[in-house]
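Q: Numbering (our numbering), first residue to last: 38 to 478.
1) Mark residue 127 as exposed unless 16 or more other C-beta atoms lie within 10 angstroms of its C-beta, in which case mark it buried.
2) Between residue 320 and residue 242, which are expected to be in contact by the criterion C-beta below 8 Å, what is the C-beta distance as a whole number of angstroms?
3) Whole angstroms is fine: what's the gap from residue 326's alpha carbon to residue 292's?
4) Tell me which residue opens and which closes the beta strand (DSSP E) that residue 93 is part of.
5) If you run the structure through DSSP and keep just helix, strand and coil, what is residue 289?
6) What would DSSP say about residue 336, mapped onto helix, strand or coil?
7) Would you kindly report the start and end of the unbroken alpha helix (DSSP H) that includes residue 433?
8) What does a CB cutoff of less than 7 Å around residue 252 pick up in its chain, not counting 5 residues either side in sequence?
9) Comparing alpha-carbon positions, which option in 218, 304, 431, 393 lies nearest residue 462?
10) Would you report the Cα separation of residue 257 and residue 275, rounded to the nearest angstrom?
11) Rounded to the nearest angstrom, how far is the Cβ of residue 342 from that of residue 390, given a contact under 8 Å?
12) What's the gap between the Cα of residue 219 and the Cα of residue 119?
13) Per DSSP, residue 122 forms a beta bridge with which residues?
14) Keeping to the same chain, check which residues put their C-beta closer than 6 Å to that of residue 168; ignore five residues upstream and five downstream.
15) Can you name the start and end residues of the alpha helix (DSSP H) that residue 219 belongs to?
16) Following the continuous beta strand (DSSP E) through residue 141, name the residue where it begins and the one where it ends.
17) Taking residue 200 as the reference, give the member of 283, 399, 408, 369 with the closest Cα.
18) Can you check whether the CB of residue 81 is closer than 7 Å to the CB of residue 67?
19) Any idea which residues DSSP pairs residue 246 with across the strands?
20) Thinking just about the alpha-carbon of each residue, which of 192, 42, 205 is nearest to the one in residue 380?
21) Helix, strand or coil: how does DSSP classify residue 415 here?
22) Compare the C-alpha of residue 194 against each of 227, 374, 395 and name the closest.
23) CA-CA distance, residue 318 and residue 87?
24) Enumerate in chain order the residues of its own chain whose CB-to-CB distance from residue 161 is below 6 Å, with the five nearest sequence positions on each side excluded.
25) DSSP on residue 388, reduced to helix/strand/coil?
26) Got a sec? Which residues, its chain only, sit under 7 Å from residue 117 by beta carbon, not counting five neighbours each side?
27) With a 10 Å radius around its C-beta and 16 neighbouring C-beta atoms as the bar for buried, classify residue 180 as buried or exposed.
28) By Cβ distance, which residues of its chain are closer than 8 Å to residue 238, with the 5 residues on each side in sequence left out?
29) In this structure, how does DSSP classify residue 153 when only helix, strand and coil are distinguished?
30) Are the CB atoms of residue 410 and residue 456 nearer to each other than 7 Å?
31) Ordered along the chain, which non-local residues of its own chain (more than five positions away) have a Cβ less than 7 Å from that of residue 198?
32) With a cut-off of 8 Å, do at least 3 Cβ pairs link the region 44–63 to the region 139–151?
33) For residue 283, which of helix, strand or coil comes out of DSSP?
34) DSSP three-state label for residue 467, please.
35) Quick one: is residue 132 buried, meaning 16 or more other Cβ sit within 10 Å of its Cβ, or exposed?
36) Using only CA atoms, which one of 382, 54, 175, 140 lies nearest to residue 269?
Here it is, written out as structure tokens:
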């Protein structure tokens with residue numbers, strides 16, 4: 038095990054490689070520190086990774102030792118458990134979300150569904166590192182909820198709001214992740230002809246990458262019609278139609294074209310989302326509130342601004358009137374219900390504006406990636422006029438924009454580029470790739 042574990046505490050969750058950065062003893066300390074920081078009772082659930090159950094038990098032990106009462110929900114998609122905890126208790130979910138099988142961690146949430154921010158995660162980190170273990174005179178109580186009932190309550194709530202307009206055929210790729218516990222039954226009961234691939238839970242992810250956007254999605258690309266892929270814990274989703282991946286902003290365009298007819302309020306989008314969001318906002322005379330990358334910022338700003346919708350380029354969406362939390366299962370069902378009203382969805386897709394866009398990943402150690410970003414910031418501020426440092430550093434140019442930022446969840450630096458034309462995209466790619474590689478070199 039690494040002696041220094043400070044790096045596993047990130048801007049909006051805790052993540053590390055099991056057996057190297059994270060084990061049961063560390064997770065127990067994190068649970069205890071979380072209890073000390075919040076002083077509130079906690080609802081806990083986990084995903085199906087091969088070490089999640091053991092880490093979850095350890096986390097709960099830390100909570101109980103600190104005197105916290107714990108409601109344990111079992112193995113569930115992240116959004117199902119969050120819905121159960123919403124406005125009742127803080128929530129902790131053991132997962133590494135979309136990361137590969139060797140990773141694990143925990144996402145911490147307030148009772149209103151907003152995740153812990155960087156300063157809060159770091160406050161928990163400081164308690165863990167100090168090794169200040171709280172052992173209460175009165176040990177907390179553990180309540181084990183009926184997982185089936187919790188899931189059924191969730192389904193009934195969503196189905197009371199969303200139904201298929203016609204029996205559209207849908208193929209669901211749950212990627213051996215937690216969405217497999219809910220998705221097919223949810224869509225079938227909503228009136229769709231739903232089938233699923235890779236539905237059985239398997240924490241080794243034998244069939245595809247748990248991050249849909251980084252997998253070829255071969256099964257969905259062979260399917261004629263609509264397909265939906267989910268990540269490991271079921272909080273991200275990606276649409277595929279007739280073998281072509283629908284980009285998150287295109288999905289948002291489809292949702293908003295219907296949602297904005299009846300919903301009030303602005304739209305929240307992270308700094309990485311393309312101008313397509315601005316196009317649909319302008320069409321309906323709505324403001325766009327830009328936020329840093331991260332589902333925590335997204336959810337907080339949606340509630341803060343009484344927004345009708347929030348989107349992250351990574352596949353996170355929130356529709357507060359549908360589900361009061363960030364939940365891709367509910368949003369994917371809502372999107373499918375809109376598509377089911379269309380006689381020619383392919384024609385609708387073809388009419389959605391498209392902007393050349395590219396995202397490139399550069400491997401960079403967690404220990405130095407933020408230092409590298411600071412150097413790049415200084416460089417770009419000297420050499421470009423329109424520079425934003427809201428999250429990483431973004432340069433806006435007449436022919437497009439480029440965003441360079443460190444991933445908060447993986448040892449990567451990411452370059453995102455949008456341009457007015459494919460030729461401009463290639464120019465910007467070359468220009469900003471050279472800047473990054475120079476610093477990495």
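Note that CB positions come from ideal geometry on N, CA and C, so glycine has one too.
A: So, to answer that:
1) buried
2) Between residue 242 and residue 320 the Cβ distance is about 39 Å, and since that is not below 8 Å, they are no contact.
3) 17 Å
4) Careful: residue 93 lies outside any beta strand (DSSP E), inside the alpha helix (DSSP H) at 89–102.
5) Helix at residue 289.
6) Helix at residue 336.
7) Per DSSP, residue 433 belongs to no alpha helix (DSSP H); it is in the beta strand (DSSP E), 430–434.
8) If we look at residue 252 and ignore the five residues flanking it on each side, its Cβ neighbours are 245, 246.
9) 393
10) 11 Å
11) Residue 342 to residue 390, Cβ: 25 Å. No contact.
12) Those two C-alpha atoms are separated by around 14 Å.
13) According to DSSP, which records beta bridges pairwise, residue 122 is partnered with nothing at all.
14) So the list is empty, once near-sequence residues are dropped.
15) Premise fails: residue 219 is in no alpha helix (DSSP H) and is neither H nor E.
16) 140–146
17) 369
18) no
19) Answer is none; residue 246 lacks a bridge partner.
20) 205
21) Under the three-state reduction of DSSP, residue 415 is assigned to helix.
22) 227
23) 43 Å
24) 70, 71, 74
25) Here residue 388 sits in helix by DSSP.
26) 187, 188, 191, 219
27) exposed
28) 85, 112, 213, 214, 215, 217, 218
29) coil
30) no
31) 359
32) yes
33) strand
34) helix
35) buried
36) 140
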